Amino acid sequence: MSTEPASIAESRAAGRLARAAIAGNPNSGKTSLFNGLTGGRSCVGNYPGVTVERNEGLARFDGRSLCMVDLPGTYSLTAYSAEEVVARNFLIDQRPDVVLDVVDASNLERNLYLTVQLMEMEVPLVIALNMIDVAERHGETIDLERMSAVLGAPVVATVGNRGRGIDDVLRACAAVAEGPHAADVPRVTYGHPLDEHVRSLAERIAADAGVCRRYRPRWVAIKLIEKDPDVGQEVAALAEDPPGIAEAAAEAIRAIETHSGERAETIVAEGRYGFAAGVVRQCVRRRSLDRRRTTDRIDSVVCHRLAGPLILATVVYALFVVVFKLADEWPWLFGRSPSEWVNWAFDSLAAAVGGLEAVSPMLHSLVVDGVIGGVGGVLGFVPLIFTLFVFVAVLEDTGYIARVAFVLDRALRVFGLQGRSILAMIISGGLGGGGCAVPGVMATRTMREEKDRLVTMMVAPIMNCGAKLPVYLMLIAAFFPGVRARAMFILWALSWAMALAAAALLRRLVIRGAQTPFVMELPSYHLPTARGVLRHAWQRTGMYVRKAGTIILAISLVMWALMYFPRMDVSAFDARRAALDPDDRAFAERVTALEAEQSEAQLRQSVAGRIGTALSPLSRLAGFDWRDNVALVGGFAAKEVIIGTLGVAYSMGDVDPDESTSLSERLAGNPSWSPIRAAAMLIFVMVYAPCMSTLAVIRRESGSWKWPLFATAYTTLLAYVLAVIVFRVGGAFGLGA
Amino acid sequence: MRTSLADLRVGQSGQIARVDGNGALRQRLLDMGITRGATVRVQRLAPLGDPIEIAIKGYNLAIRRTEARSIYIEH
Numbered sequence: 002m003s004t005e006p007a008s009i010a011e012s013r014a015a016g017r018l019a020r021a022a023i024a025g026n027p028n029s030g031k032t033s034l035f036n037g038l039t040g041g042r043s044c045v046g047n048y049p050g051v052t053v054e055r056n057e058g059l060a061r062f063d064g065r066s067l068c069m070v071d072l073p074g075t076y077s078l079t080a081y082s083a084e085e086v087v088a089r090n091f092l093i094d095q096r097p098d099v100v101l102d103v104v105d106a107s108n109l110e111r112n113l114y115l116t117v118q119l120m121e122m123e124v125p126l127v128i129a130l131n132m133i134d135v136a137e138r139h140g141e142t143i144d145l146e147r148m149s150a151v152l153g154a155p156v157v158a159t160v161g162n163r164g165r166g167i168d169d170v171l172r173a174c175a176a177v178a179e180g181p182h183a184a185d186v187p188r189v190t191y192g193h194p195l196d197e198h199v200r201s202l203a204e205r206i207a208a209d210a211g212v213c214r215r216y217r218p219r220w221v222a223i224k225l226i227e228k229d230p231d232v233g234q235e236v237a238a239l240a241e242d243p244p245g246i247a248e249a250a251a252e253a254i255r256a257i258e259t260h261s262g263e264r265a266e267t268i269v270a271e272g273r274y275g276f277a278a279g280v281v282r283q284c285v286r287r288r289s290l291d292r293r294r295t296t297d298r299i300d301s302v303v304c305h306r307l308a309g310p311l312i313l314a315t316v317v318y319a320l321f322v323v324v325f326k327l328a329d330e331w332p333w334l335f336g337r338s339p340s341e342w343v344n345w346a347f348d349s350l351a352a353a354v355g356g357l358e359a360v361s362p363m364l365h366s367l368v369v370d371g372v373i374g375g376v377g378g379v380l381g382f383v384p385l386i387f388t389l390f391v392f393v394a395v396l397e398d399t400g401y402i403a404r405v406a407f408v409l410d411r412a413l414r415v416f417g418l419q420g421r422s423i424l425a426m427i428i429s430g431g432l433g434g435g436g437c438a439v440p441g442v443m444a445t446r447t448m449r450e451e452k453d454r455l456v457t458m459m460v461a462p463i464m465n466c467g468a469k470l471p472v473y474l475m476l477i478a479a480f481f482p483g484v485r486a487r488a489m490f491i492l493w494a495l496s497w498a499m500a501l502a503a504a505a506l507l508r509r510l511v512i513r514g515a516q517t518p519f520v521m522e523l524p525s526y527h528l529p530t531a532r533g534v535l536r537h538a539w540q541r542t543g544m545y546v547r548k549a550g551t552i553i554l555a556i557s558l559v560m561w562a563l564m565y566f567p568r569m570d571v572s573a574f575d576a577r578r579a580a581l582d583p584d585d586r587a588f589a590e591r592v593t594a595l596e597a598e599q600s601e602a603q604l605r606q607s608v609a610g611r612i613g614t615a616l617s618p619l620s621r622l623a624g625f626d627w628r629d630n631v632a633l634v635g636g637f638a639a640k641e642v643i644i645g646t647l648g649v650a651y652s653m654g655d656v657d658p659d660e661s662t663s664l665s666e667r668l669a670g671n672p673s674w675s676p677i678r679a680a681a682m683l684i685f686v687m688v689y690a691p692c693m694s695t696l697a698v699i700r701r702e703s704g705s706w707k708w709p710l711f712a713t714a715y716t717t718l719l720a721y722v723l724a725v726i727v728f729r730v731g732g733a734f735g736l737g738a
Numbered sequence: 020m021r022t023s024l025a026d027l028r029v030g031q032s033g034q035i036a037r038v039d040g041n042g043a044l045r046q047r048l049l050d051m052g053i054t055r056g057a058t059v060r061v062q063r064l065a066p067l068g069d070p071i072e073i074a075i076k077g078y079n080l081a082i083r084r085t086e087a088r089s090i091y092i093e094h
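Protein sequences, first through last, are from chains A and B.
Residues 2 to 738 (my numbering) are what the first sequence spells out, left to right.
Residues 20 to 94 (my numbering) are what the second sequence spells out, left to right.
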């Protein structure tokens, strides 16, 4: 997979490779057609500076190659959304040799609206009438030759997910890319009087060499009449006579608006739709009226007032259970679950290098705790992420995810979230039985609205993930043994309350601005193909390993160093060990106790220990001492580390998170601990800093370090304030000590 | 009297007379085919009564009530 970009770059450098851009509406089957064309050999990246995904791949046919770039799916090419700006700038700046416009044949009129805009840009076009089988099933016949004549571009019938028409598309693309650029493409006609104004404004702009160096005059004319803010600025920057063009544009707008009594941008949109409707009238025979019958039948149940939410709850619950059971829990793969196999592999690897300890304890610790632990931490998530994306891809490809958004929008809008946020929250642990914010944050990919997506990413880590649960269980066993179930329930409810409150606050204070208008297509239901779903999940997983994985590995090495260095002078302990009497019946016990004491002293001595000690004046307000602090610092690597580190800090050696009874007893018997200190600790662990793996994924998904840093800062501050309040208020009621 | 899309009951349809609002939202509505003269039908409401699902230009669209209020209808 990763060899593709290099070969593409090489071929392009050699000037041998034509480049095709694939444009089209969301839900037009663009991605499955892209995968069909490239045979799935593609590399996923991002457009520079934005979080819009970029897919690039190589299509081969007849011994020739064509580089395919999958543009983001858009309904239009305005300046108002990141996807649309990316798509249109690519077309203007990169000048692809051919643009393949994927059109949903069963939803022709609305899809042709984008085609019209591509014609306005005067790019060399090929039209793929995709999902032609759906249109045919509804008894529609589309006259391809006629359409080709009207649009001035080859029109090819395709069924992307079944591979039909792939060769025809490639042949047409190659012919257009290699052929001479047709000088006389049919112009879009918008009707009187817009046509005349576009023509005269285009002539005025054509006389300005500054603008024409980059843009086609007719397109600029339309965009200026449409009052496109970006094009307005570009013209002001590039033109030889900016005021002259601005004046001419204002004049045209004035004339159009006086004539029609409507705003100019409305007239342009109506003109485009008028043209699209004309194409449909001329080329489609026997338009069917009931083509959405199946979809409407399903929706009357799935979006039903009572049945809808029930079905949604069932689907989400099933998704959660199946993802975690399949990846982590059920031993269905030769006696182990996929996650257990990964852990087993890394445990075996760690055991295999055990001999290193005799040579160099530091190297051993670096390899086992730093490198193997770090790489294992990255790959340990792979089964989970892959399974998650298989299910999310099914929800996306069938069209159900749009219904999730539809059904839940009203309820979640109150908190500045939207319907699709629910997936991220549930996967992050919203059901109370484990979960993980790493796939949770990645699940926000189904959200197109940038602000809603950011808020969701910021609050999803507050949910109770599977790694926090052992910490809760240990503390509850120690201090609230009689009310286990109730305590766990309260923690579950609190995590939702905290996350939703944080979302509402962030929306008012940090990620402000009007919510993105919720105007969402409810696409017809489709049966997904296994190949498409698996390919999707595989690409996403690969991206996680490459992009987030490197960050996680780097941070885990830093965390290792923080807990390991500086080393203390061990001579005093060596002397005490030498003084122990080997004939003593309790010799082994004493050695273990001494080693535990040494580990505690070393931990206190380490950078992490010093940080813990330095923070203790501050943390004392919440009832935490240096031991808690260092455990919480360790928890930054992964929350389950908290238990192991507490064990070391309380001179118990490394404690297995799954068998923490001994630690529970130790804390319960420690006079400095109290239920109220435990409660403060519980709330702090719930809310504070996302673990480094989550941060790496937030970095990856938000496109900058700003958001993971912000997430760490605000959650830790919030957690601290809450813990102090719990400890102080509880203390005031005499619950402390 | 002016009727907005938000006033239509489920199953009712009408023709779009005017789209109010500004900037990105209005452009988005236009781009999605909510143009003057187009026939629109209210298909169903979400369980909490908002958003609403409409059929327009042969496909279905979900919009919130606040947005629907800026779309005027003539019967």
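Note that beta-carbon positions come from the ideal geometry of N, C-alpha and C, so glycine has one too.
Just so it is clear, the structure is predicted and the values come from calculations on it, not from any experiment.
Based on DSSP bridge pairs, tell me the residues matched to residue i.
i        : result
A:Ile477 : In DSSP, A:Ile477 forms no bridge with anything.
A:Gly140 : A:Gly140 is not bridged to any residue.
A:Ala21  : A:Met69, A:Val99
A:Leu334 : A:Arg337
A:Tyr565 : None, per the DSSP bridge assignment.
How would you list, in chain order, the residues of chain B whose beta-carbon sits under 7 Å from the beta-carbon of residue i?
i        : result
A:Tyr274 : Gly52, Thr54
A:Ala412 : Leu67
A:Pro125 : Within 7 Å Cβ-Cβ: nothing; A:Pro125 doesn't reach chain B, min ~24 Å.
Just to confirm my understanding: we take residue i, look at its own chain, exclude 5 residues before and 5 after, and list those with CB closer than 6 Å. What are they?
i        : result
A:Leu195 : Ile268, Gly272
A:Val302 : Ala308
A:Thr4   : The pLDDT assigned to A:Thr4 is 39, lower than 50, so where the model puts this residue is not dependable; a value taken from the coordinates is nonetheless given after this. Excluding positions up to five away in sequence, the list is empty.
A:Gly433 : Trp493
A:Ala394 : Val534, His537, Ala538
A:Thr614 : Trp627
A:Leu409 : Gly420, Ile423
What are the start and end residues of the beta strand (DSSP E) that includes residue i?
i        : result
A:Phe62  : 54-62
B:Asn41  : First-last for B:Asn41: undefined, no H or E at that position.
B:Arg82  : Here residue 82 of chain B turns out to be Ile, not Arg, going by the sequence shown. That run of the beta strand (DSSP E) goes 78-82.
B:Gln62  : 58-64
A:Met448 : From DSSP, A:Met448 is part of no beta strand (DSSP E); its letter is neither H nor E.
A:Asn36  : Here A:Asn36 belongs to no beta strand (DSSP E); instead the alpha helix (DSSP H) covers 31-39.
A:Glu522 : 520-522
A:Glu204 : Note, A:Glu204: premise wrong, no beta strand (DSSP E); alpha helix (DSSP H) at 195-207.
A:Leu126 : 126-131
B:Ile92  : 90-93
B:Ala74  : 71-75
A:Ala724 : From DSSP, A:Ala724 is part of no beta strand (DSSP E) but of the alpha helix (DSSP H) over 707-733.
For residue i, which residues in chain A fall below 9 Å Cβ to Cβ?
i       : result
B:Gly33 : Correct list: empty, because the minimum Cβ distance to chain A is about 18 Å.
Beta carbon of residue i: closer than 7 Å to some heavy atom of the ligand GTP?
i        : result
A:Gly180 : In terms of ligand content, the structure shown is empty, and the ligand GTP therefore cannot be addressed.
So the candidates are the options; which of them puts its Cα closest to the Cα of residue i?
i        : options                                : result
A:Leu581 : A:Ala594, A:Asp570, A:Met569           : A:Ala594
A:Leu78  : A:Val343, A:Ser429, A:Leu115, A:Val608 : A:Leu115
A:Leu72  : A:Glu84, A:Ala80, A:Val199, A:Phe62    : A:Glu84
A:Phe387 : A:Glu179, A:Arg485, A:Phe416, A:Pro440 : A:Pro440
A:Ser617 : A:Val725, A:Gly180, A:Met560, A:Ala129 : A:Val725
A:Val460 : A:Tyr715, A:Ile206, A:Ile23            : A:Tyr715
Which same chain residues end up closer than 7 Å to residue i when comparing Cβ atoms and leaving out the 5 residues on each side of it in sequence?
i        : result
A:Val379 : Val546, Gly550, Ile553, Leu554
A:Ile491 : none
A:Pro165 : For clarity, residue 165 of chain A is Arg in the given sequence; the question names Pro instead. Same-chain partners within the cutoff: Thr159.
B:Leu44  : Glu86
Can you give me the Cβ contacts of residue i inside the same chain, cut-off strictly under 8 Å, excluding the 5 residues immediately before and after it?
i        : result
A:Leu604 : Met564, Gly610, Val631, Thr646, Val649, Ala650
A:Gly737 : Confidence is the limiting factor: at A:Gly737 the pLDDT is only 49, short of 50, which leaves the residue's position unreliable and the question unanswerable from this model.
A:Leu455 : Ile512, Ser703, Trp708
Can you name the residues of chain B whose CB is closer than 8 Å to the CB of residue i?
i        : result
A:Asn131 : Neighbours of A:Asn131 on chain B: none; closest Cβ ~15 Å, over 8 Å.
Output, in chain order, the set of chain B residues within a Cβ distance shorter than 9 Å of residue i.
i        : result
A:Glu522 : Met51, Tyr78, Asn79, Leu80, Ala81
By the criterion of Cβ-Cβ separation under 8 Å, what are the contact partners of residue i in chain A?
i       : result
B:Glu93 : Per Cβ cutoff of 8 Å: no residues; B:Glu93 is ~15 Å from chain A at best.
Please list the terminal residues of the continuous alpha helix (DSSP H) segment that includes residue i.
i        : result
A:Val269 : 265-284
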